[in-house]
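In order, the protein sequences belong to chains A and B.
So the first sequence is numbered by the working numbering: it starts at 655 and just counts up by one.
So the second sequence is numbered by the working numbering: it starts at 655 and just counts up by one.
Structure first, then comments.
Protein chains: 2
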Amino acid sequence: MKATALDPDTLTPGARRVLDSASELFYERGITAVGVDLIAQHSGVTKRTLYNRFGSKETLVATYLLARDRRWRAHVADALETPDLSPGERVTVPFRALREWMRGNPRGCAFINALAELPDPEHPGHQVAADQQQWLLELFTSLATDAGLRTPDDLAHQLLCLYEGALAVQVPATTRSSAETVGDAAAVLVRAAAPSNP
Amino acid sequence: MKATALDPDTLTPGARRVLDSASELFYERGITAVGVDLIAQHSGVTKRTLYNRFGSKETLVATYLLARDRRWRAHVADALETPDLSPGERVTVPFRALREWMRGNPRGCAFINALAELPDPEHPGHQVAADQQQWLLELFTSLATDAGLRTPDDLAHQLLCLYEGALAVQVPATTRSSAETVGDAAAVLVRAAAPSNP
DNA sequence: CCTCAGGTATACTGATCGGTAAACCTTCCT
DNA sequence: AGGAAGGTTTACCGATCAGTATACCTGAGG
């Protein structure tokens with residue numbers, strides 16, 4: 655019986671408040687830097703309750719990442735609902751979603767940050783973070799394939815790098831946000847992969 | 655008298671071993687997760703000596719990042735020494751440098767990882783990490799300007815995102831490394847910014 | 001010869017870490 | 001009526017955290 659993430663959608667009221675506090679604190683201050691005592695205090699819950707619901711900090715961390723992953727996937731799925739988009743335009747939709755996402759998440763990619771703090775592949779949170787990248791890579795691949803673009807695997811890999819890069823770059827480079835600028839770059843790459851090209 | 659990074663090039667023998675051990679441990683396991691006791695033990699030095707040389711863990715962290723920054727800049731400068739390169743080719747040279755760099759550094763960008771763990775802008779290591787990005791951005795900008803490319807600021811921003819993204823993406827996506835794939839993407843973006851284009 | 005910088009050794013501080021013990025209080029379901 | 005689930009309170013555990021105290025050793029330069 656290994657410790658894995660809980661289902662973030664079926665939680666006791668107390669556990670919800672714990673998860674909400676943990677999400678905020680982990681993202682803002684880092685996972686290792688935030689102790690369980692602080693989380694319990696911040697969520698107005700006893701440490702005992704925290705451990706009754708989650709069993710360990712590891713599991714709480716994994717659940718935090720899983721909940722965040724679900725929110726992000728829903729956000730992208732929502733953006734893909736936009737009507738009247740050509741298959742080619744749909745490839746860059748995740749970048750539009752990213753633009754809104756980054757407004758409320760100025761501290762970079764929570765999954766990259768988590769991987770930085772959890773090098774151990776055995777940690778239940780490690781896999782959740784790795785899966786998030788894999789999912790996005792496959793999404794890009796299928797969007798590129800649907801659009802009939804050349805070398806969809808390579809293109810998807812490049813788009814994934816642009817995506818992660820936009821989240822990682824903190825420099826107030828230009829007046830434009832990284833998400834915007836990177837969206838343009840993605841469009842250029844997509845155009846270069848159009849089958850009509852030489 | 656604030657605590658800032660030491661000069662990594664003027665260290666006592668003991669301090670050198672401390673810094674070497676700290677560099678390895680911080681990068682492999684994360685900054686917060688590595689304690690000063692472990693560093694002292696790993697470097698075969700007394701904790702007392704560690705504190706006599708560095709004064710605090712904060713300073714040691716900042717020095718670690720500064721030393722790494724210097725190595726990376728030297729590595730890129732070295733790659734730029736390559737003779738017989740056109741100004742246009744020189745723009746993508748950092749990606750060639752990145753390819754070699756990533757062989758020995760599979761745990762992503764040490765500066766992004768550090769920023770994930772050190773959200774406090776007052777931490778002396780925070781600025782060092784932020785400066786690294788700024789330097790690379792300015793390098794790309796000047797290379798793009800020298801090549802006479804259009805909108806060099808935007809292009810540099812995009813190239814920086816590609817660079818950071820390649821370091822962040824961990825997925826064994828294709829048979830090609832992220833650095834290679836991203837190098838191709840950079841070439842496409844550079845070609846699209848050529849002044850001869852419409 | 002003497003100083004002094006660099007380093008060693010052991011021991012310690014108060015705080016915080018993740019996690020547990022034991023006992024009790026509600027509320028809801030049967 | 002009764003029990004289980006969710007939560008509470010206070011207290012505790014051994015380990016580790018960053019950092020300090022004190023005293024001693026060694027080699028090189030004046």
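Quick reminder that beta carbons are idealized off the backbone N, C-alpha and C, glycines included.
Quick caveat: nothing in here was measured; it's all calculated off a predicted structure.
How would you write the range of the alpha helix (DSSP H) that residue i sits in, first residue to last?
i	result
residue 844/B	832-846
residue 677/A	667-683
residue 776/B	Counting along the chain, residue 776/B falls outside any alpha helix (DSSP H), and DSSP gives it neither H nor E.
residue 732/B	711-734
residue 702/A	701-708
residue 751/A	747-757
residue 813/B	806-822
residue 744/A	741-744
residue 694/A	690-696
At the 8 Å Cβ level, is residue i part of the contact set with chain A, yes or no?
i	result
residue 804/B	no
residue 781/B	no
residue 832/B	yes
residue 791/B	yes
residue 745/B	no
residue 788/B	yes
residue 658/B	no
residue 799/B	no
residue 759/B	no
residue 672/B	no
residue 818/B	yes
residue 689/B	no
Can you name, in chain order, every residue of its own chain whose Cβ lies under 8 Å from the Cβ of residue i, other than the five neighbours on each side?
i	result
residue 713/B	657, 658, 659, 660 and 778
residue 727/A	789
residue 665/B	673 and 707
residue 709/A	657
residue 841/B	746
residue 812/A	843
residue 762/B	821, 822 and 824
Please check if any C-beta of chain B sits within less than 8 Å of the C-beta of residue i.
i	result
residue 860/A	Residue coverage of chain A in this structure runs from 655 to 852, which leaves residue 860/A outside it and unanswerable.
residue 812/A	yes
residue 712/A	no
residue 808/A	yes
residue 638/A	Residue 638/A lies beyond the stretch modelled for chain A, which goes from 655 to 852, so this question has no answer here.
residue 771/A	yes
residue 844/A	no
residue 682/A	yes
residue 835/A	yes
residue 693/A	no
residue 715/A	no
residue 823/A	yes
residue 767/A	yes
residue 784/A	yes
residue 686/A	yes
residue 839/A	yes
residue 762/A	yes
Apart from the five residues just before and just after residue i, which ones in its own chain have a Cβ nearer than 6 Å to its Cβ?
i	result
residue 672/B	697, 699 and 704
residue 764/A	681 and 722
residue 771/B	685 and 686
residue 669/B	707
residue 796/A	none
residue 832/A	820 and 823
residue 655/A	Low per-residue confidence applies at residue 655/A: pLDDT is 45, beneath 50, and the placement is therefore not dependable, though the value from the model is reported in the following sentence. Cβ within range, chain order: n/a, list empty.
residue 780/A	772
Please say whether residue j and residue i have beta carbons closer to each other than 8 Å?
i	j	result
residue 814/A	residue 791/A	yes
residue 684/B	residue 773/A	yes
residue 782/B	residue 692/B	no
residue 744/B	residue 734/B	yes
residue 834/B	residue 757/B	no
residue 824/B	residue 769/A	yes
residue 741/A	residue 801/A	yes
residue 849/B	residue 804/B	yes
residue 662/B	residue 736/B	no
residue 809/B	residue 836/B	no
Just to check, is the beta-carbon of residue i closer than 7 Å to a non-hydrogen atom of the ligand MN?
i	result
residue 738/B	Looking at this structure, you won't find the ligand MN or any other ligand, since it has none at all.
Between residue i and the rest of its own chain, which residues show a CB-CB distance below 7 Å, the 5 nearest in sequence each way excluded?
i	result
residue 729/B	751 and 755
residue 701/A	690, 691 and 694
residue 807/B	795
residue 667/A	none
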